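Residue numbers (this note's numbering): 2 to 495.
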């Protein structure tokens with residue numbers, strides 16, 4: 002086997018990981034988690050519709066890589082961690098923090114209109130317009146200290162900017178995915194998205210560390226301070242740069258050359274039994290995750306007294322483990338199918354929120370276990386949850402199937418995040434139970450663990466075409482473990 006061939010499984014796994022539904026540690030800014038990395042086209046997509054010169058295609062793909070790196074800088078300046086810092090500065094409270102961090106998931110509701118807009122006006126035009134607006138809309142936050150708005154008006158402005166940016170990002174990502182599906186040839190997709198994701202993840206890690214250093218150095222005692230408006234201004238500049246970089250990329254399928262979507266196809270996923278089983282899991286799982294996920298950053302800053310740099314290093318470590326684990330899970334999916342991997346990772350992830358009961362402001366070392374488990378398990382979960390919808394969805398109505406999965410999961414997450422914020426707001430911030438001191442967010446972590454475990458059991462109902470489903474933990478171990486280990490375990494059971 003040649004060296005290039007040996008790298009292909011890793012790159013394919015990396016590309017799929019970059020394409021996964023955005024369920025990985027929602028509420029945290031992680032390198033490689035921006036919208037342009039959440040929708041790499043399926044490997045059996047149509048590819049370019051017209052012959053492209055190698056030089057022009059190479060130039061376009063190179064520009065796409067550079068654009069993705071600048072997009073990661075935007076996320077570092079305007080992602081969930083920075084928005085949480087804005088929320089703390091403007092004293093939003095747990096309920097509004099939950100609502101704000103759930104907005105990108107609630108915005109999945111516009112997936113169906115986004116698909117229609119993309120088909121009507123063309124991939125490139127919609128992507129350029131929506132992505133540009135979703136990033137420069139941060140400008141009001143850059144001048145917020147000088148607007149002299151009442152405090153409540155500043156809070157409303159923050160929520161409005163976050164909501165508009167999230168909705169436009171969904172529209173832009175939908176068009177970008179369709180654009181790349183037409184542009185990138187099937188033969189090089191794995192290699193291209195693998196390299197793109199590796200470089201953008203590196204850029205995101207460095208940018209997150211830089212943003213953390215800036216916020217730590219210029220952190221004010223009270224109020225917004227200087228660092229947050231500077232990051233908002235930087236995010237706008239990144240929006241202009243990424244748009245200019247996207248404008249240099251051509252569209253091999255301009256408006257009018259792609260078949261229009263039939264609106265009646267939007268109902269097809271809800272009538273398909275296999276799709277409904279995946280939808281049920283998506284909704285239950287996202288709801289279980291959403292109860293706690295928006296509050297990890299808030300807990301880290303307020304209760305664990307972590308600096309922004311430590312938070313960035315933690316996110317980078319999780320992303321690094323995720324990258325290393327991706328090819329291992331990719332091979333497991335190739336060997337056993339996506340459903341067993343999804344069950345295994347879901348069961349393991351159920352215990353991760355409970356780990357956050359252990360660290361305190363002076364004892365952060367238990368988060369090392371979070372780095373290892375979250376990075377490894379969410380890596381496999383991301384690959385499996387990317388593979389299943391593509392396997393279940395027929396090509397004819399695939400845009401509507403994927404829109405249905407994203408919408409159902411996003412709405413469930415948003416509703417659960419708002420509920421989690423309401424529960425945290427209703428509880429005392431600090432209380433004593435069993436002789437130990439607790440905070441209100443600990444209750445959400447326990448609820449999330451229990452709910453995730455219940456949702457994980459729904460994976461047994463999922464039917465993956467061509468794969469015998471796993472129903473029990475014993476069968477799961479026999480399917481995933483290497484054969485000698487599995488045979489030894491069976492003999493011991495007898």
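Glycine included, C-beta positions come from ideal geometry on N, C-alpha and C. Predicted model only: the values in this text are computed from it and were never measured.
Between the options, which has its C-alpha nearest residue i's C-alpha?
| i | options | result |
| --- | --- | --- |
| residue 424 | 413, 440, 436, 409 | 440 |
| residue 384 | 292, 346, 184 | 346 |
| residue 407 | 276, 365, 134 | 276 |
| residue 62 | 365, 185, 465 | 185 |
| residue 112 | 437, 169, 436, 472 | 169 |
| residue 64 | 115, 146, 201, 154 | 201 |
| residue 319 | 58, 377, 451, 57 | 377 |
| residue 246 | 67, 57, 455 | 67 |
| residue 352 | 454, 240, 292 | 454 |
| residue 515 | 149, 173, 144, 151 | Missing from the structure shown is residue 515; the chain here goes from 2 to 495 and no further. |
| residue 249 | 125, 283, 437 | 125 |
| residue 193 | 290, 69, 269 | 69 |
| residue 146 | 395, 91, 130 | 91 |
| residue 306 | 314, 244, 350, 365 | 365 |
| residue 87 | 416, 216, 428, 328 | 216 |
Taking the CB atoms as reference points, tell me whether residue i and residue j lie closer together than 8 Å.
| i | j | result |
| --- | --- | --- |
| residue 299 | residue 98 | yes |
| residue 77 | residue 212 | yes |
| residue 83 | residue 232 | yes |
| residue 107 | residue 422 | no |
| residue 362 | residue 304 | yes |
| residue 180 | residue 252 | yes |
| residue 208 | residue 219 | no |
| residue 468 | residue 338 | yes |
| residue 426 | residue 94 | yes |
| residue 456 | residue 204 | no |
| residue 206 | residue 317 | yes |
| residue 465 | residue 348 | no |
| residue 154 | residue 230 | no |
| residue 292 | residue 413 | no |
Taking the alpha-carbon positions, what's the residue i to residue j distance?
| i | j | result |
| --- | --- | --- |
| residue 128 | residue 175 | 8 Å |
| residue 479 | residue 379 | 21 Å |
| residue 138 | residue 434 | 45 Å |
| residue 235 | residue 295 | 24 Å |
| residue 370 | residue 104 | 29 Å |
| residue 31 | residue 72 | Reliability of the predicted coordinates at residue 31 is poor, the pLDDT of 48 falling under 50, and no value is obtained from them. |
| residue 120 | residue 177 | 12 Å |
| residue 411 | residue 381 | 20 Å |
| residue 387 | residue 443 | 30 Å |
| residue 28 | residue 85 | Reliability of the predicted coordinates at residue 28 is poor, the pLDDT of 39 falling under 50, and the value obtained from them is presented with this limitation in mind. Computed Cα separation, rounded: 9 Å. |
| residue 326 | residue 198 | 15 Å |
| residue 116 | residue 134 | 18 Å |
| residue 102 | residue 55 | 42 Å |
| residue 297 | residue 355 | 12 Å |
| residue 482 | residue 309 | 39 Å |
| residue 431 | residue 312 | 23 Å |
| residue 151 | residue 157 | 10 Å |
| residue 25 | residue 283 | Residue confidence is low: residue 25 scores 40 on pLDDT, short of 50, so the model does not pin down where it sits. No coordinate-derived value is stated. |
| residue 51 | residue 57 | Reliability of the predicted coordinates at residue 51 is poor, the pLDDT of 46 falling under 50, and no value is obtained from them. |
| residue 335 | residue 372 | 26 Å |
| residue 328 | residue 225 | 42 Å |
I'd like to know whether the C-beta of residue i is nearer than 8 Å to at least one C-beta of chain D.
| i | result |
| --- | --- |
| residue 270 | Annotation note: the requested chain D is absent from the structure, which comprises a single protein chain. |
**Q.** Whole alpha helix (DSSP H) elements within the region 347-378, 4-residue minimum
**A.** Listed in chain order, they are 353-356.
Q.
Three or more C-beta pairs under 8 Å: does that hold for the region 459-469 against the region 442-451?
A. The region 459-469, when compared against the region 442-451, does not touch it at the 8 Å Cβ threshold.
Q. If you pair each beta-carbon of the region 236-243 with each one of the region 131-149, do three or more pairs fall below 8 Å?
A. Look at the beta carbons and you see the region 236-243 touching the region 131-149: at least three pairs across the two are nearer than 8 Å.
(Q) At 4 residues or longer, what runs of the alpha helix (DSSP H) sit wholly inside the region 205-259? (A) Complete alpha helix (DSSP H) runs here, min 4: 228-248.
Q: Run through the region 263-297 for me and flag every whole alpha helix (DSSP H) of 4 or more residues, listed as ranges in chain order.
A: DSSP runs (the alpha helix (DSSP H)) wholly in the region 263-297: 269-272, 274-291.
Q.
Just to confirm the assignment: which complete beta strand (DSSP E) runs, minimum length 3, are found wholly within the region 390-444?
A. As far as the region 390-444 is concerned, its whole beta strand (DSSP E) runs of at least 3 residues are 431-434, 437-440.
**Q.** Complete runs of the alpha helix (DSSP H) confined to the region 68-134 [at least 4 residues]
**A.** DSSP runs (the alpha helix (DSSP H)) wholly in the region 68-134: 81-90, 95-107, 112-122.
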